[in-house]
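*Asks:* The structure follows.
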Amino acid sequence: MPFDEFTIEQIAGDMLPNVTATQKVATGFHRNTQFNEEGGVDKDETYFEVLVDRVNTTGTVWLATTLGCTQCHNHKYDPFTQKDYYQMLAFFNNDSKRIKHYDDTSTKYLEPEIDLPSPDQEKKRNELTARIEDLEKRLDTQTPELEQEQTAWERSIRQASDEWQTLIPSRLASAGGARLAADSTGAILASGENAQRETYNVEAKLRLARLTGLRIEALPDESLPRGGPGRDIYGNFVISSVDVEVAPAKSPAEWEKLEFKRAHVDDGRRRRGGRVLWMIDASREDKRLPRQLVLEPKHAVPLDDESLVRVTIVQNSEFAGQSLGHFRISVTASEDPPRIVKVTAKLRPVLEADPAKRTPEQAKELSAYFRGMAVSLGTTRDRLQELQNELNALGIPTALTMNEQPGSERPYDFIRIRGAFANKGEKVYANIPSALPPLAPDCPPNRLGLARWLVSRSNPLTARVTVNRFWEQYFGHGIVETSEDFGTQGERPVNPELLDWLATEFMDRGWSMKAIHRLIVTSAAYRQTSQVSPQLLRLDPYNRLTGRGPRFRMEAEMIRDSALAASGLLNPRIGGPSLFPPQPPGIWDVPNSEEKWVESKGEDRARRSIYTFIRRSAPYPALLNFDATSREFCTVRRTRTNTPLQALTTLNDPAFFEMAQALAERMLREGGETDRSRVEYGFRLVTARFPKPGDADRILSWRDRKREYFAAHADEALKVAGNRDDSVSRAPWTMLANVLLNLDEAITKE
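Every letter in the sequence shown is one number past the one before it in our numbering, and letter 544, counting from 1, is 551.
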């Protein structure tokens, strides 16, 4: 694909006519920004930071400018103003997004994703979707028979309320110091101290012959934060566990703890296991409605006259003060205790109202809820769930994309005074920085217009920046040393005429990357020897004038891939899921995180390094030691350092040692019949040359010393060569391969 088409699809592939899924996926380039999902962040400010990243990345990759400096003020050195910056930002400020709510104070924008099914997956999905829609239509159709069934169901729910007996507390206690007071209806209100960890104890007399269920009602109250029912600043609460004990009236000290088989709620969230039994979340619109938790014992509990009950409510939230503020406890001898919660708190007022007085919307919502549990529709619901499970099991991958909002208005934003998100200044519309050639009349003022402008002949800067980066990849440095900054604070080109000629050739050859790469590698400059005379070294120590061939250490990914290729392990598969190669244990062991590094298995673990999963807070260490970046920000030129960690990586890293074992196997299998031929073969695989006279002898002499060592230390041989019968004979070759992969030539391009 020509570079101009590549650029357009990366920036605005979603806006092309007759757009394909591949072109949409290309726009995922600008979706790889950091995104703050912490509770309480401002969604608009977070999205603004995303836009800032997209502007800065575009300015760096295609224009080699420090445009990011103008986010807060006019550029001190280059001809860019703060207005230019926000005009560029406006190009990206028209992406469609939707809002996801977490609670009253935490929301975020969600940008688009698309499904990418294979042809077989697409066919199967269409079949399942059609069958699901047919079943959903049946579930959404109200029939006379269903109306009769619903009437009977409503009657049974209303009758269930009369089957519960409210407890009038005889004793109230709080472990955290709260004041608990009960009114004449048995409702308990908490006030005073609000500890992070709290336990309530409620004792009362029972007037039932048996106990089949216990109910806790969470009740709103104006005295609580945001009306309750919880006591934290948002009115939330968390119940960790509930213990219930009963005792005969004649023997009040003989408490018997009840065992429950299940819990039922009419709202909130419940999780089986873990530390949370019931919680209320402030994000719900109906948070201030009464909610109920019903506990069902394993067996009906027989009681005598005026038995005692003690209810212990444990509330150990990880957040401060999330305890119940207003609640009531009741018990029942009903045959079906959960029936009381078979309608949500939001719909309970609708159900209890006169059917003739319900609004059409209320009647429709209640009927839809009933059909979700109607006995006569049970088979249909079960089949629907089976089909939905089949659909989910297809495992259709998704991709992040951009998606321009429809509409004709020119994208705009506001200058942010001193770069402060909340401090808006002048309204500006999408446009090119004034110091650069303007948009052509036929270029729309949107992302597609920006993309086309970047690769237009009226803007040769993109071609210059790109060929300079190609040159840097082959020679270790660009014609402009600071490939990320072509401004006045960057280095001047050592050969501006060459840079302009290459840029012109690039455009004249249809932006063909293959053509420009071929031009560079077949040039006399690239095909020179890297050997240098003392005089040339004195005149041009860093080879900026290209007086000799390049010699520099390869980038991190190339070092690993080169070792994989030499060992014979490299899997050339293109695409696929992320790669998790071996890494030292403990890298991902961080507090409050359940994520684990699960190593890829089989051939997948030997795929190219470009597919390695990168976690910005804990990047893959073998790559990081060779100056790979954390991917937090766009980096077009990596620093090149030399540290002892690099040698230790190629010697001791689990992945590199695995490659050494494979290289040893390959040398023995393919290297010929003699030890010398095997050494020469392995040396050539790693360095792309034959060993110099005497090198093979020194290597073999070292191998012989290792052979003697492992003959005397068979347990060490098992660690090196693996658990195999011939580990003593294989271990010296593994160590030899390990040394070869640690040579300077193994990690150097020359």
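A virtual CB, placed ideally from N, CA and C, is assigned to each residue, including glycine.
My parser needs the alpha helix (DSSP H) runs of 4 or more residues fully inside the stretch 32-78; what are they?
*Replies:* Within the stretch 32-78, the complete alpha helix (DSSP H) runs of at least 4 residues are 50-70.
*Asks:* Note down, in chain order, each residue of its chain lying with its Cβ closer than 7 Å to the Cβ of residue 750, except the 5 sequence neighbours on either side.
*Replies:* 693 and 694.
*Asks:* Can you check whether the C-beta of residue 438 is within less than 7 Å of a C-beta belonging to chain C?
*Replies:* In the displayed structure, chain C is absent; only one protein chain is listed.
*Asks:* Does DSSP put residue 419 in a helix, in a strand, or in coil?
*Replies:* Correct three-state label for residue 419: strand.
*Asks:* So for residue 207, helix, strand or coil by DSSP?
*Replies:* Residue 207 falls in the strand class under three-state DSSP.
*Asks:* To the nearest angstrom, how far is it from the Cα of residue 461 to the Cα of residue 99?
*Replies:* Whole-angstrom Cα-Cα distance: 15 Å.
*Asks:* Considering only residues of the stretch 546-599, which uninterrupted beta strand (DSSP E) runs meet the minimum length of 3 residues and lie entirely inside it, listed in chain order?
*Replies:* DSSP runs (the beta strand (DSSP E)) wholly in the stretch 546-599: none.
*Asks:* Compute the distance between the beta-carbons of residue 79 and residue 425, then report whether it is under 7 Å.
*Replies:* Cβ distance < 7 Å, so residue 79 and residue 425 count as in contact.
*Asks:* Rounded to the nearest angstrom, what separates residue 725 and residue 138 at their Cα positions?
*Replies:* Those two C-alpha atoms are separated by around 58 Å.
*Asks:* Rounded to whole angstroms, what's the CA-CA distance from residue 612 to residue 542? Just pull it up for me.
*Replies:* If I take the Cα positions, the gap works out to 47 Å.
*Asks:* Check this for me: beta carbons of residue 619 and residue 586, under 7 Å apart or not?
*Replies:* Yes.
*Asks:* May I ask which residues mark the beginning and end of the beta strand (DSSP E) holding residue 534?
*Replies:* Here residue 534 belongs to no beta strand (DSSP E), and DSSP marks it neither H nor E.
*Asks:* Since residue 657 is in the alpha helix (DSSP H), which residue starts that stretch and which ends it?
*Replies:* Residue 657 -> alpha helix (DSSP H) spans 651-659.
*Asks:* Decide if residue 770 is buried, meaning its Cβ has at least 16 other Cβ atoms within 10 Å, or exposed.
*Replies:* Any answer about residue 770 is impossible in this case: the structure gives the chain only from 8 up to 757.
*Asks:* Kindly indicate the opening and closing residues of the alpha helix (DSSP H) around residue 747.
*Replies:* Unbroken alpha helix (DSSP H) run through residue 747: 734-748.
*Asks:* Output yes or no for whether 7 Å exceeds the beta carbon distance between residue 510 and residue 447.
*Replies:* No. Outside cutoff.
*Asks:* Are the CB atoms of residue 573 and residue 670 nearer to each other than 7 Å?
*Replies:* It is a contact, given that the beta carbons lie within the stated cut-off.
*Asks:* Taking contact to mean at least 3 C-beta pairs separated by less than 8 Å, is the stretch 590-601 in contact with the stretch 625-636?
*Replies:* Output reads yes: the stretch 625-636 touches the stretch 590-601.
*Asks:* For the beta strand (DSSP E) holding residue 195, just list the boundary residues, first then last.
*Replies:* From DSSP, the beta strand (DSSP E) with residue 195 extends over 195-199.
*Asks:* For residue 303, collect the residues of the same chain with a Cβ closer than 8 Å to its Cβ; drop the 5 residues on either side in sequence, then sort them by chain order.
*Replies:* Contacts found: 219, 220, 267, 268, 269, 270, 271, 344 and 345.
*Asks:* Could you compute how far the alpha carbon of residue 314 sits from the alpha carbon of residue 247?
*Replies:* Distance between the alpha carbons of residue 314 and residue 247 is about 26 Å.
*Asks:* For residue 301, which option in 308, 235 and 273 has the closest C-alpha, if you only look at C-alpha atoms?
*Replies:* Measuring from the Cα of residue 301, the nearest candidate turns out to be 273.
*Asks:* Please identify the residue among 223, 348 and 479 whose C-alpha is closest to the C-alpha of residue 560.
*Replies:* Among 223, 348 and 479, the Cα nearest to that of residue 560 is on 479.
*Asks:* Let's test the definition: count the other Cβ atoms within 10 Å of the Cβ of residue 607 and tell me whether it reaches 16, buried, or not, exposed.
*Replies:* It counts as buried.
*Asks:* Quick check on residue 93: buried or exposed, where buried means 16 or more other Cβ atoms within 10 Å of its Cβ?
*Replies:* Buried: at least 16 other Cβ atoms inside 10 Å.
*Asks:* Put residue 6 into one of helix, strand or coil per three-state DSSP.
*Replies:* With the chain represented from 8 up to 757, any question about residue 6 goes unanswered, as that position is not in the structure.
*Asks:* If I'm right that residue 404 touches residue 123 with Cβ under 8 Å, what's the distance once you round it to whole angstroms?
*Replies:* Indeed, because the Cβ distance is near 5 Å, the residues count as touching under 8 Å.
*Asks:* When you compare each of 244, 142 and 518 to residue 464 by their alpha carbons, which one comes out closest?
*Replies:* Residue 518 is the option with its Cα nearest to residue 464.
*Asks:* Who are the near neighbours of residue 496 in its chain, counting only those whose CB is closer than 6 Å to its CB and skipping five residues on each side?
*Replies:* Cβ neighbours of residue 496 beyond the five flanking positions: 84.
*Asks:* Can you check which of these residues, 153, 299, 395 and 333, is closest to residue 348 by C-alpha distance?
*Replies:* Nearest C-alpha to residue 348: 299.
*Asks:* Along the chain, where does the alpha helix (DSSP H) that runs through residue 1 open and close?
*Replies:* Limits of the chain in this structure are 8 at one end and 757 at the other, which puts residue 1 out of reach.
*Asks:* Would you mind reading off the limits of the beta strand (DSSP E) that contains residue 432?
*Replies:* Where residue 432 is concerned, the enclosing beta strand (DSSP E) stretches over 431-436.
*Asks:* Which runs of the beta strand (DSSP E), 3 residues or longer, sit entirely within the stretch 365-410?
*Replies:* The stretch 365-410 contains these whole beta strand (DSSP E) runs: 405-407.
*Asks:* Anyone know if the C-beta pair for residue 490 and residue 605 falls short of 7 Å?
*Replies:* No, these two residues do not count as a Cβ contact at 7 Å.
*Asks:* My assumption, with CB atoms under 8 Å, is that residue 558 sits in contact with residue 757. Please give the rounded CB distance.
*Replies:* Confirmed, about 4 Å.
*Asks:* Considering only the alpha carbon of each residue, which of 341, 376 and 222 lies closest to residue 319?
*Replies:* The candidate whose alpha carbon is nearest that of residue 319 is 222.
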